[in-house]
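Position one of the sequence shown corresponds to residue 216 (our numbering), numbered consecutively onward.
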Amino acid sequence: MADEYLRCLNTEQLRAVRHPHHVPLQILAGPGSGKTKVLTSRIAYLILHEHIQPQSICAVTFTNKAAREMKERLTKLIGKAKVEEVKTGTFHALCALFLRRYPNRVGVKSNFTVCDSDESKTILKRLLNPYKGYLDERHLSLEVRTVMSVISKAKSKGQTPHDLATSSNDIDHVIGELFESYERFLRENNSLDFDDLLVYGVRLFSQQQVSNWCQHVLVDEFQDTNTLQYDLMRHIASSSRCVTIVGDPDQSIYGWRSAEVANLARMKLDFPATVQIYLEQNYRSTASILRASMAIVSQDKTRIPKTLHTSHSNGCTPVLQCFPSEQEESACIAREIKRLSAASGGLLGWEDFVILLRMNSLSRSLESALRKEGIPCRVLKGQKFFEPYLQVVDNPDFVPAFERVINVPGRGIGDKTLGEILRAAHAKHISPLAFIERIYDGRVPDTKPPVKRKIASFVKAVRELRTAARQGTMPADIIRALLGLVEYEEHLKRTQPDADTRWENVMELINFASEVQTDLNDYQYALQDLTEDVEAGGDNERDQDWDDMPAETEAVELDEEGFVEVKPATPGIAAAQEDRASEASTPLRLFLQASMLSGDSGEGGEEGEREKVTISTCHSAKGLEWPVVFVPAVEEGTFPFALSEDTNEERRLLYVACTRAQNLLYLSHCTKRLVAGKQMGRKLSGFVCAVIEDSPDIFAENMPEFDRAALEQMAAILAREIPSEEVVARKLAEFYRTDHYHQFTDTSSKAMSTTFVAADAVYRADAGKSVEQRQLTDKLPSRGLGVMPLPTVTQKYQTHALLQNEGQQVKLAPTAFSAPQYLLGDSSNHHRPSKFAHYPGLSNQRPSLHRVSESRSKQPPRCPPMATPATVHPNDVESSLKYPQCTLLPSSEQGSSSPGAATPPVVAARPVKRRLGMGRIATGYANKKFKPPQ
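Okay, here's the thing in structure tokens:
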């Protein structure tokens, strides 16, 4: 029974799990190949069969979500007690964990604040201001984000400010000086940025007595590691030389974050005995999706040759469509989401759809189109709230947070007063918070203008929250207390027009704090356990010698290496540092750490963010999956991105986006797109052009079929229960009714199901009609932007489809339903060229699906003509009573589906008249707005 988890593995997965623990291992796993299952199974195998102690295993992931999933799976295999002993988390969280416990070894304080990217940007923007004159004189410009990127890349490569400041290039020289000032500012404010966590983490783990507890290290998403992360892994594994990594070079998409796919080759040099095992069995996607995805990524001839295969059937062919503009593209995506949701009978919810973008700037028209269709949506990575207040409570030395909250809510403290406080605090070598506390207590004179009265509520709130934090109060309770102390809800109502929305965001933060609260005991256990691990596995005598080294010696070493300048510590200060170290595991501090680190995870929302269509960047979607994936703007300049320096990485990014799909994949592009306020011509991405030239049938032009067989396959892949035909019919009826499709007179669920399946087929087939077929004699005004369906009015759209209904063939009479049509975009009926127009030798052109401009007519919209005979269920003769606007036709006009078969009654529309007053009479068909006179 204990080996049950091994029986569900395929041959290659089992080989990877059972690989000898002392031989370094690279598991090259394609998307959807079960790498998480293999990684967790290998950890369980190491503990249960190789008898490695759980506390001697380090498992590193790239997102907090992946770490949580790994813990959940491990709990089922080895139990919660053992899982809590395994060191599991992201590289940043692992470093933060150890730095909290051993801060003095690298010259930081245990209550350091972690700056997120927004805070770093604010700091650098302030530091850049003095250089504007220097840059203007030399006709140079320098953006804050450029400085941030250069500094981050320098840190990831282990470079110091000196490496940049000595450059002869003016820009590099300025950035080097900014780098040095930025580092000094962080140290003065007792703070680290994300890159610093790794920089100081490497310095800490390079000390053997800190890392010799680890007997085996496992790293997920290894292809995304940068130089610092690789060095971190190497230092942690320095004692045991036992390493297992899981990665996929085809999914290396973070080169702009200094990720080094070459670390795979570097590992084989540093660990010569390394063995490679490929996982190529895909359990996520249909065969047609894998075929298209592999066709895209295989164009890179420098990649490690490997493939993907699946036991799933082909499924629906991925769709590739072209539109004249992003508005039409967005409208079609929104309407297709509604159609699929209806045609699946509820099998697909809003949360099963994702729109993946190369860049966030493409989301505006999509969000607008979804809103118009009434589809709820979310954008990954939301804003955090109240962190500055909590940061001040935890770390009074962190000046940026103090500046942000001292006047929120408003206390009459302007920029001039704040400047006086900051200058006075700097002159006394204390934090601004400590300075205003002394003013409040009367220990130092008040400033001019006086602030004692203004700061009273702020000081009281901070002190009360600080006391609660030191007593171990949970973060959610601290936030609730803060809301009451500062009367934040009333502040929002007074100052913000969207107060309700902002208050909901505050509630979401409390929810997040409550969720994190369940993990705090695990963090505290790990912190307590670290001391035992180091003392048990290290040289106690040498470790004691390190702790007893005079502070002056540490200061000299750090100064020589160019990191920080630490002043010699006095006994009093040393005692205070020990007191702070004892508070390293307060729930508030751990919550702030988890909150900051989660912002870099790229993971999706929790319960409150479900039941919504997701709009995400391709980068943020990595590691996730959805039943239906839309990838718009697959164009030159987007894939590959115009500013990208690595075309192969851009190709891999598109591959990652495509392989997120389980059942349905849609790619789209536009002939024109609004760029920087101007309509610019666009071409289909060369990545896709090359695929079409080699395999023209790899993408479909029309919307995919969604019949019963497709539903059954989707339900099987998603492991969900397939909805009944009655439910599907009801959902489709709702969709066509709200989309202004013709309402059917048939009320029988079985016949309705048959009819709507046929209607859906015409919906899809209509996309391929010729321009001549699109010349409609009747046009309906649109209620808004977006693609507007129109009813069929001539016999050219007659349908004589033979459909199976309970084993009996039923013949639909001509125009049994209104086939959805689309108006061309303008009066001249210009249409877009086919997606193949750019490629010589490729034909099969078809027109675009243009939106109908909103009607400005003041006349009421005309009622769509009823379709002339429509088939109804044989037992539903009473439908004429339910629909008084329809009459039964004589049997001689009904026809028969087959010789000798019973002929079902057929209803036809009967026009009615309505008096409009002033002697006018109008003729039409009855509906809610056009009723016959009583």
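All residues carry an ideal CB built from backbone N, CA and C; glycine is no exception.
* Which residues in the same chain as F845 place their Cβ atom closer than 6 Å to its Cβ, once the five residues preceding and following it in sequence are excluded? -> In the sequence shown, residue 845 corresponds to position 630, counting from 1. If we look at F845 and ignore the five residues flanking it on each side, its Cβ neighbours are I548, I570, Y881.
* Just mark H1015 as buried or exposed, buried being the case when its beta carbon has 16 or more other beta carbons within 10 Å. => Stepping through the sequence shown from its first residue, residue 1015 is reached at position 800. Its pLDDT being 30, under 50, H1015 is placed unreliably by the model, and the measurement read from it follows with that caveat. Exposed, since its Cβ has fewer than 16 Cβ neighbours within 10 Å.
* **Residues of its chain near E163, where Cβ-Cβ distance is below 8 Å and the 5 sequence neighbours each way are ignored** => There is no way to answer for residue 163, as the model of the chain reaches only from 216 to 1149.
* State the beta-bridge partners of K887 as determined by DSSP. => Residue 887 sits at position 672 when you count from the first residue of the sequence shown. G896, per the DSSP bridge assignment.
* Asked: With contact counted as at least three CB pairs below 8 Å, one residue from each stretch, are the segment 631-646 and the segment 406-426 in contact?
  -> no
* To do: Please confirm whether F538 and V843 have their CB atoms less than 8 Å apart.
  => Residue 538 sits at position 323 when you count from the first residue of the sequence shown. Residue 843 sits at position 628 when you count from the first residue of the sequence shown. Result no, Cβ atoms of F538 and V843 do not sit closer than 8 Å.
* To do: Tell me, to the nearest whole angstrom, how far the beta carbon of V608 is from that of L680; I am working on the premise that it is less than 8 Å.
  => As a first step, residue 608 is located in the sequence shown; it is residue number 393 there, counting from the start. As a first step, residue 680 is located in the sequence shown; it is residue number 465 there, counting from the start. Confirmed, Cβ separation roughly 5 Å.
* To do: Let me know the secondary structure DSSP gives T459 once reduced to three states.
  => Locating residue 459 in the sequence shown gives position 244, where the first residue counts as 1. If DSSP states are grouped into helix, strand and coil, T459 belongs with the strands.
* Closest residue to V301 among A380, C429, D411, G391 (Cα-Cα distance) -> Within the sequence shown, the letter at position 86 stands for residue 301. Comparing Cα-Cα distances from V301 to each of A380, C429, D411, G391, the minimum goes to C429.
* To do: Could you have a look at W428 and say whether DSSP puts it in helix, strand or coil?
  => Here residue 428 refers to the residue found at position 213 of the sequence shown. W428 falls in the coil class under three-state DSSP.
* CA-CA distance, R257 and A231? -> Residue 257 sits at position 42 when you count from the first residue of the sequence shown. Residue 231 sits at position 16 when you count from the first residue of the sequence shown. Distance between the alpha carbons of R257 and A231 is about 8 Å.
* Asked: Who are the Cβ neighbours of G627 in its own chain at under 8 Å, not counting the five residues just before and after it?
  -> As a first step, residue 627 is located in the sequence shown; it is residue number 412 there, counting from the start. These residues qualify, in order along the chain: K669.
* Apply the 10 Å Cβ neighbour rule to D351 and answer buried if 16 or more other Cβ atoms are within range, or exposed otherwise. => On the sequence shown, residue 351 is found 136 positions in, with the first residue counted as 1. When all chains shown are included, D351 counts as exposed.
* Compare the Cα-Cα distances from P235 to each of K946, L224, C223, H264 and report the closest residue. => Numbered from its first residue, the sequence shown carries residue 235 at position 20. Selected option, being the one with the closest Cα: H264.
* To do: Can you check DSSP and say which residues form a bridge with Q438?
  => Position 223 of the sequence shown, counted from the first residue, corresponds to residue 438. Paired residues: none, contrary to the question.
* Asked: Hey, which unbroken runs of the beta strand (DSSP E) at 3 residues or more fall wholly within the segment 489-554?
  -> 490-494, 534-538
* Asked: Around the C-beta of H664, are 16 or more other C-beta atoms found within 10 angstroms, so that it is buried, or is it exposed?
  -> As a first step, residue 664 must be located in the sequence shown, where it is residue number 449. The question names His, but residue 664 in the sequence shown is Pro. Exposed, because fewer than 16 other Cβ atoms sit within 10 Å of the Cβ of P664.
* Asked: What's the gap between the Cα of N878 and the Cα of G530?
  -> For the purposes of this step, residue 878 is taken as the residue at position 663 of the sequence shown. For the purposes of this step, residue 530 is taken as the residue at position 315 of the sequence shown. Each residue's Cα considered, the two are about 7 Å apart.
* Within its chain, find whatever has a CB closer than 7 Å to the CB of Q161; leave out the 5 residues flanking it on each side and keep chain order. => Outside the shown range of the chain, which is 216 to 1149, sits residue 161, and nothing can be said about it.
* To do: Grab me the residues of I366's own chain with a C-beta within less than 6 Å of its C-beta, minus the 5 sequence neighbours each way, in chain order.
  => Here residue 366 corresponds to residue number 151 of the sequence shown, with the count starting at 1. Hits under 6 Å: F394.
* Asked: Beta carbon of R573, beta carbon of F277: below 8 Å?
  -> Your numbering for residue 573 matches position 358 in the sequence shown. Your numbering for residue 277 matches position 62 in the sequence shown. Contact flag unset, no.
* What are the start and end residues of the beta strand (DSSP E) that includes S406? -> Counting from 1 along the sequence shown, the entry for residue 406 is found at position 191. Residues 406-408.
* Asked: Under the rule that 16 or more other beta-carbon atoms within 10 Å means buried, what is Q1013, buried or exposed?
  -> In the sequence shown, counting from the first residue as 1, residue 1013 sits at position 798. Its pLDDT being 30, under 50, Q1013 is placed unreliably in this model, and the value from its coordinates should be taken loosely. Exposed, because fewer than 16 other Cβ atoms sit within 10 Å of the Cβ of Q1013.
* So C330 is in the beta strand (DSSP E); what residue range does that whole segment cover? -> Sequence index remark: in the sequence shown, residue 330 carries index 115 (1-based). Counting along the chain, the beta strand (DSSP E) containing C330 begins and ends at 328-330.
* **CA-to-CA distance, P615 to F650, given in whole angstroms** => If you number the sequence shown from 1, residue 650 lands on position 435. If you number the sequence shown from 1, residue 615 lands on position 400. Cα to Cα, the separation comes out at about 15 Å.
* Is H234 near the ligand HEM, with its Cβ less than 7 Å from a heavy atom? -> Here there are no bound small molecules, and the ligand HEM is not part of this structure.
* Under 8 Å between the Cβ atoms of Q228 and L494? -> Walking along the sequence shown from the start, residue 228 turns up at place 13. Walking along the sequence shown from the start, residue 494 turns up at place 279. Yes, the Cβ-Cβ distance between Q228 and L494 is below 8 Å.
* **Y317 (DSSP reduced to helix, strand or coil)** => In the sequence shown, the residue the question calls residue 317 occupies position 102. Correct three-state label for Y317: coil.
* Status (buried if at least 16 other CB within 10 Å, exposed otherwise) for S576 -> Within the sequence shown, numbered from 1, the residue matching residue 576 stands at position 361. The residue is exposed, with fewer than 16 neighbouring Cβ atoms inside 10 Å.
* To do: Spatial neighbours of I460 within its chain, please: CB distance less than 6 Å, with the 5 preceding and 5 following residues excluded, ordered by chain position.
  => Here residue 460 is taken as the residue at index 245 of the sequence shown, counted from 1. Only Q241, V434, F437 meet the Cβ criterion.
* Asked: Taking DSSP as the reference, what is the three-state secondary structure of F673?
  -> Taking the sequence shown and counting its residues from 1, the one referred to as residue 673 is at position 458. Residue state, collapsed to three classes: helix.
* Select from V890, V828, S883, A872 the residue whose C-alpha is nearest the C-alpha of M857. => Working through the sequence shown from its first residue, we reach residue 857 at position 642. Going by the sequence as given, residue 857 is Ala instead of Met. The residue with the shortest Cα to Cα distance from A857 is V890.
* To do: Tell me whether Q491 is buried or exposed, calling it buried when 16 or more other Cβ atoms sit within 10 Å of its Cβ.
  => On the sequence shown, position 276 is the one that residue 491 refers to. Exposed.
* Asked: How about the segment 859-867 and the segment 288-302: do they share at least three Cβ pairs that are nearer than 8 Å?
  -> no
* **G852, DSSP secondary structure in three states** => By 1-based counting over the sequence shown, the position of residue 852 is 637. G852: strand per DSSP, three-state reduction.
* Would you check if the distance between the CB atom of E851 and the CB atom of G901 is smaller than 8 Å? => In the sequence shown, residue 851 corresponds to position 636, counting from 1. In the sequence shown, residue 901 corresponds to position 686, counting from 1. Yes, these two residues count as a Cβ contact at 8 Å.
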